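This is the structure we're talking about:
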């Protein structure tokens, strides 16, 4: 296996912790490889992950980032964040926030601070709610990435109206001007990458 194909060093331990706690919503490996590649395309970039979970997606993003890039990641579940902190706190490139995603996005979208070179929306706020706020944080040339857009098995913890929410989200995103789109809806768990013009 080449260096670029290797899994992040922390990933096995994160997956072990997730399994022991019954957490089944970690970032899929194929999506992780995509995140790593997109992060690598933004040297010195500012990245945002909405929905840290236990930190699997965080690990993939950090694996693609250079030493000057910075990642903000947030979740409202203290148990999940406890696992993510255990595996990522020593990395100075990442800041973990325990916050309600909707409130955090609403506050951040109204300040005049810098935006992000990549926003990965892996939870409801920033994807199915507060979409305008999340998109407003993406700088020109930056990526907006959403996953879990394919039909999911019934035994997941996703709400029953997930499919309807996905259809509405895709329709909304396809209608927006000023973005290029790479739909990977039949790949992995269903992904859409948007690039702000």
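In the numbering used here, the protein residues as written are 435 to 631.
Positions of the beta carbon are idealized from the N, C-alpha and C atoms, including for glycine.
Keep in mind the model is a prediction, meaning the values are calculated, not measured.
Can you pull the DSSP bridge partners for residue i?
{"i": "residue 509", "result": "532"}
{"i": "residue 618", "result": "625"}
{"i": "residue 504", "result": "480"}
{"i": "residue 613", "result": "630"}
Taking the straight line between their C-alpha atoms, what separation do you get for residue i and residue j?
{"i": "residue 527", "j": "residue 498", "result": "12 Å"}
{"i": "residue 589", "j": "residue 459", "result": "Residue confidence is low: residue 589 scores 45 on pLDDT, short of 50, so the model does not pin down where it sits. Its coordinate-derived value is still stated next. Cα to Cα, residue 589 sits roughly 11 Å from residue 459."}
{"i": "residue 457", "j": "residue 612", "result": "37 Å"}
{"i": "residue 562", "j": "residue 617", "result": "17 Å"}
{"i": "residue 620", "j": "residue 602", "result": "17 Å"}
{"i": "residue 631", "j": "residue 615", "result": "10 Å"}
{"i": "residue 463", "j": "residue 452", "result": "14 Å"}
{"i": "residue 604", "j": "residue 627", "result": "11 Å"}
{"i": "residue 502", "j": "residue 442", "result": "18 Å"}
{"i": "residue 489", "j": "residue 610", "result": "30 Å"}
{"i": "residue 545", "j": "residue 440", "result": "38 Å"}
{"i": "residue 455", "j": "residue 534", "result": "22 Å"}
{"i": "residue 595", "j": "residue 450", "result": "30 Å"}
If I follow the unbroken beta strand (DSSP E) through residue i, where does it start and stop?
{"i": "residue 483", "result": "480-484"}
{"i": "residue 626", "result": "625-630"}
Within 8 Å (strictly less), CB to CB, does residue i reach chain D?
{"i": "residue 514", "result": "The structure shown has no chain D; it contains just one protein chain."}
Just reading off the alpha helix (DSSP H) that residue i is part of, what are its end residues?
{"i": "residue 467", "result": "463-474"}
{"i": "residue 460", "result": "Neither: residue 460 is in no alpha helix (DSSP H) and is coded neither H nor E."}
{"i": "residue 491", "result": "490-498"}
{"i": "residue 525", "result": "Run containing residue 525: none; DSSP gives neither H nor E here."}
{"i": "residue 450", "result": "445-454"}
Residues in its own chain within less than 8 Å of residue i by CB, not counting five upstream and five downstream?
{"i": "residue 539", "result": "484, 559, 560, 564, 567, 568, 571"}
{"i": "residue 500", "result": "474, 477, 478"}
{"i": "residue 472", "result": "498, 552, 577, 579, 627"}
{"i": "residue 542", "result": "567, 571"}
Who are the near neighbours of residue i in its chain, counting only those whose CB is closer than 6 Å to its CB and skipping five residues on each side?
{"i": "residue 444", "result": "493, 521"}
{"i": "residue 624", "result": "583, 584"}
{"i": "residue 600", "result": "583"}
{"i": "residue 506", "result": "482, 529"}
{"i": "residue 536", "result": "559, 563, 564"}
{"i": "residue 504", "result": "480, 527"}
Cutting at 7 Å between CB atoms, please list the residues of its own chain near residue i, excluding the five before and the five after it.
{"i": "residue 491", "result": "461, 466, 469, 483, 554, 556"}
{"i": "residue 486", "result": "492, 507, 508, 509, 514, 515, 518, 530"}
{"i": "residue 550", "result": "480, 481, 482, 571, 572, 573, 576"}
Exercise. Can you give, in chain order, each stretch of the beta strand (DSSP E) that sits fully within the segment 544-603 and has at least 3 residues?
Worked result: 550-555, 572-580
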